[in-house]
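Colleague:
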Amino acid sequence: MSPQPGPFTWQQADQTLASSMLSELSQEFGKLSQEDLQHIRYQNIGNGNAMTIPSQRLQMHNLRTEELAARYYSVYCEAWRCQQKRLSPEFLRAICPHVLRGLLSARATAIESEFHMEQMRTHRPHPEWLKAAMAESRRSMDRLYSKWEKIAAFDAKSLEYMLSAAPDNPAVDIVATQITHARTNLRITEARLASVEAKIKMSEQALSATELRQRDSYRIKTIEQHLEALKADKKQYELRRDQWQLNLNDALSRSAELREPDQLPFGGKQKSFCAKEAGRQESAGPGSARSRHASSRLNYRSELKGVIALQFAKKPKASTLEICRALDSDGAVELPENWRTGENRLFEVAYKDPRKKRKVEIMVSKVRNEMRKKGLLS
Numbered sequence: 005m006s007p008q009p010g011p012f013t014w015q016q017a018d019q020t021l022a023s024s025m026l027s028e029l030s031q032e033f034g035k036l037s038q039e040d041l042q043h044i045r046y047q048n049i050g051n052g053n054a055m056t057i058p059s060q061r062l063q064m065h066n067l068r069t070e071e072l073a074a075r076y077y078s079v080y081c082e083a084w085r086c087q088q089k090r091l092s093p094e095f096l097r098a099i100c101p102h103v104l105r106g107l108l109s110a111r112a113t114a115i116e117s118e119f120h121m122e123q124m125r126t127h128r129p130h131p132e133w134l135k136a137a138m139a140e141s142r143r144s145m146d147r148l149y150s151k152w153e154k155i156a157a158f159d160a161k162s163l164e165y166m167l168s169a170a171p172d173n174p175a176v177d178i179v180a181t182q183i184t185h186a187r188t189n190l191r192i193t194e195a196r197l198a199s200v201e202a203k204i205k206m207s208e209q210a211l212s213a214t215e216l217r218q219r220d221s222y223r224i225k226t227i228e229q230h231l232e233a234l235k236a237d238k239k240q241y242e243l244r245r246d247q248w249q250l251n252l253n254d255a256l257s258r259s260a261e262l263r264e265p266d267q268l269p270f271g272g273k274q275k276s277f278c279a280k281e282a283g284r285q286e287s288a289g290p291g292s293a294r295s296r297h298a299s300s301r302l303n304y305r306s307e308l309k310g311v312i313a314l315q316f317a318k319k320p321k322a323s324t325l326e327i328c329r330a331l332d333s334d335g336a337v338e339l340p341e342n343w344r345t346g347e348n349r350l351f352e353v354a355y356k357d358p359r360k361k362r363k364v365e366i367m368v369s370k371v372r373n374e375m376r377k378k379g380l381l382s
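Per our numbering, the sequence shown starts with residue 5, numbered consecutively.
(1) Can you say whether residue 237 is buried or exposed, counting buried as having 16 or more other CB atoms within 10 angstroms of its CB?
(2) If you draw a straight line from the C-alpha of residue 77 to the C-alpha of residue 152, how long is it?
(3) From residue 15 to residue 156, what does the alpha carbon distance come to, in whole angstroms?
(4) In the structure shown, what three-state DSSP assignment does residue 357 receive?
(5) Give the C-beta separation of residue 324 and residue 365 to the nearest angstrom, bearing in mind that I take them to be a contact with Cβ-Cβ under 8 Å.
(6) Would you check if the distance between the CB atom of residue 332 and the CB atom of residue 311 is smaller than 9 Å?
(7) Beta-carbon within less than 7 Å of residue 103's beta-carbon, same chain only, minus the 5 sequence neighbours each way: which residues are those?
(8) Kindly indicate which three-state DSSP category residue 101 falls into: helix, strand or coil?
(9) For the alpha helix (DSSP H) holding residue 133, just list the boundary residues, first then last.
(10) Can you round the beta-carbon distance between residue 55 and residue 129 to whole angstroms, since I take them to be within the 8 Å contact cut?
(11) Quick check on the burial criterion: 16 or more other C-beta atoms within 10 angstroms. Buried or exposed for residue 66?
(12) Look at the alpha carbon of residue 368 and the alpha carbon of residue 309, and state the distance between them as a whole number of angstroms.
(13) For the alpha helix (DSSP H) that residue 319 lies in, which residues bound it at each end?
(14) Hey, quick one: how far does the alpha helix (DSSP H) through residue 337 stretch, first residue to last?
(15) Among the residues of its own chain, which have a CB less than 7 Å from the CB of residue 214, if the five just before and after it don't count?
(16) Return the first residue and the last residue of the alpha helix (DSSP H) that residue 248 is part of.
(17) Using C-beta distances below 7 Å, list every residue in its chain close to residue 275, excluding the 5 sequence neighbours before and after it, in chain order.
(18) With a 10 Å radius around its C-beta and 16 neighbouring C-beta atoms as the bar for buried, classify residue 192 as buried or exposed.
(19) What separation, rounded to the nearest whole angstrom, lies between the Cα atoms of residue 328 and residue 162?
(20) Identify, in the order they occur along the chain, each residue of the same chain with its Cβ nearer than 8 Å to the Cβ of residue 326, setting aside the five sequence neighbours on each side.
(21) Which ranges would you report for the alpha helix (DSSP H) in the region 33-87 if only whole runs of at least 4 residues count?
(22) If residue 72 and residue 119 are in contact, beta carbons under 8 Å, what's the gap, nearest whole angstrom?
(23) I need the straight-line Cα distance from residue 358 to residue 11, nearest angstrom please.
(24) For a cutoff of 9 Å on Cβ pairs, would you count residue 365 as touching chain C?
(25) Spatial neighbours of residue 166 within its chain, please: C-beta separation below 7 Å, excluding the five flanking residues on both sides.
(26) Could you check whether residue 70 and residue 197 sit closer than 9 Å to each other, using their CB atoms as the reference points?
Laid out in structure tokens, this is it:
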């Protein structure tokens, strides 16, 4: 990355680029909110407690907002890198007041508007509950903003320490990107996991209530199936969280190699970090020389095919299941829309789904066969 010219100002951030990256994210979260609403309403059919549905809806709104904040933070970091600018403490701190403050304020207003409009149409929920709930919702957004101020300050301070340890080392940009990428994805995964855990608890409560009423066996079976799917999603997100934690730990260990040679004890000499990083990439991983050669010869327009090819370059004899697991661990590409079922965003789960398995197999087989034809796989 090229050095950042002059002092930092927020006007240097390309808002058009960030907005284009956020447009798809907004659509995704709109769909998730609709799925949450349908899920809550269906599972509470026949529930005599009129406050269950609005309470659960508000809970899911808050959880989704936490995930959305993490995604916005990640998108702006990615957009900044796309501008070929180095991450800086000033930039990381600026994301909160310039982006997250407006996001959380808009979310609070949208949630309040949704509940007030419903109350005007249906006279539910009770006005006194609504007044107290919306006040608490505003406070929760304030708490979330304070949380992200601390997160951004922590990331910025960590970067400051890295820069001070190796002020003239260009490799600090590489490590800073790796650490920030791993941390943001870890936070996103933890936020999504919290949403899944909340929905599991809701489903368990709905199942118990429905079984006590001893009626509508079809709904009981449907809730049980949905509960099993949620538990499978939870397991996959836990695996993804653990993988991102490993990636973060690895990146943090690399940051220790950025110290200047004269900082090492007993006058020891330090091997160039860039040389070490080149060695790592040459020996294995999607960024290896073999991987770059493979992708250049195949020249895929499809981002998914390109990433699959990189995984095959890393492990030529990988099975389809191993490729799916590698795609989930890498996180470089999203699961295609027509491969998704419910909230699932994992390739492994799509591969194990009888309705989606064939699509996954065809895509992976195409890449494997094309690489074999070009002599990239034996």
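For glycine and all other residues, C-beta sits at the position ideal for the given N, C-alpha and C.
Modeller: Let me lay it out:
(1) Translated into positions along the sequence shown, residue 237 becomes position 233. Residue 237 should be labelled buried.
(2) Start at 1 with the first residue of the sequence shown, and residue 77 comes out as number 73. Start at 1 with the first residue of the sequence shown, and residue 152 comes out as number 148. Roughly 9 Å between the two C-alpha positions.
(3) Stepping through the sequence shown from its first residue, residue 15 is reached at position 11. Stepping through the sequence shown from its first residue, residue 156 is reached at position 152. If you take the alpha carbons of residue 15 and residue 156, they lie about 19 Å apart.
(4) Here residue 357 refers to the residue found at position 353 of the sequence shown. Here residue 357 sits in coil by DSSP.
(5) Start at 1 with the first residue of the sequence shown, and residue 324 comes out as number 320. Start at 1 with the first residue of the sequence shown, and residue 365 comes out as number 361. Correct: roughly 6 Å between the Cβ atoms.
(6) Position 328 of the sequence shown, counting from 1, holds the residue named residue 332. Position 307 of the sequence shown, counting from 1, holds the residue named residue 311. Not in contact: residue 332 and residue 311 (Cβ atoms no closer than 9 Å).
(7) Here residue 103 is taken as the residue at index 99 of the sequence shown, counted from 1. Hits under 7 Å: 76 and 80.
(8) For the purposes of this step, residue 101 is taken as the residue at position 97 of the sequence shown. In the structure shown, residue 101 sits in a helix (DSSP, three-state: H, G or I).
(9) Mapped onto the sequence shown, residue 133 falls at position 129. Counting along the chain, the alpha helix (DSSP H) containing residue 133 begins and ends at 131-169.
(10) Within the sequence shown, residue 55 is the residue found at index 51, counting from 1. Within the sequence shown, residue 129 is the residue found at index 125, counting from 1. Rounded, the Cβ-Cβ distance is 6 Å, consistent with contact.
(11) As a position in the sequence shown, residue 66 is number 62, starting the count at 1. Buried, because 16 or more other Cβ atoms sit within 10 Å of the Cβ of residue 66.
(12) The residue you call residue 368 lines up with position 364 of the sequence shown. The residue you call residue 309 lines up with position 305 of the sequence shown. Computed Cα separation, rounded: 8 Å.
(13) Here residue 319 refers to the residue found at position 315 of the sequence shown. From DSSP, residue 319 is part of no alpha helix (DSSP H); its letter is neither H nor E.
(14) Here residue 337 corresponds to residue number 333 of the sequence shown, with the count starting at 1. Where residue 337 is concerned, there is no enclosing alpha helix (DSSP H), given that its DSSP letter is neither H nor E.
(15) Counting from 1 along the sequence shown, the entry for residue 214 is found at position 210. Excluding residues within five positions, the ones whose Cβ falls inside 7 Å are 220, 223, 224 and 227.
(16) The residue you call residue 248 lines up with position 244 of the sequence shown. Start and end: 221-259.
(17) Residue mapping note: residue 275 aligns to position 271 of the sequence shown, counting from 1. Since pLDDT at residue 275 reaches only 47, below the 50 mark, its modelled position is unreliable, and the value read off the structure follows with that caveat. Within the same chain, residue 275 has no close Cβ partners at all.
(18) Within the sequence shown, residue 192 is the residue found at index 188, counting from 1. Its Cβ being crowded by 16 or more others within 10 Å, residue 192 is buried.
(19) Numbered from 1 along the sequence shown, position 324 holds the residue referred to as residue 328. Numbered from 1 along the sequence shown, position 158 holds the residue referred to as residue 162. Each residue's alpha carbon lies about 33 Å from the other.
(20) Mapped onto the sequence shown, residue 326 falls at position 322. Taken in chain order, the residues that qualify are 319.
(21) 56-86
(22) One-based indexing of the sequence shown puts residue 72 at position 68. One-based indexing of the sequence shown puts residue 119 at position 115. Actually they are not in contact, since the Cβ atoms of residue 72 and residue 119 sit about 18 Å apart, beyond 8 Å.
(23) To locate residue 358, count along the sequence shown from 1; it is residue 354. To locate residue 11, count along the sequence shown from 1; it is residue 7. If you take the alpha carbons of residue 358 and residue 11, they lie about 55 Å apart.
(24) Chain labels in this structure do not include chain C; a single protein chain is all it has.
(25) In the sequence shown, residue 166 corresponds to position 162, counting from 1. Hits under 7 Å: 176, 179, 180, 259 and 262.
(26) Along the sequence shown, read from residue 1 onward, the residue named residue 197 stands at position 193. Along the sequence shown, read from residue 1 onward, the residue named residue 70 stands at position 66. Going by C-beta atoms, residue 197 is not nearer than 9 Å to residue 70.
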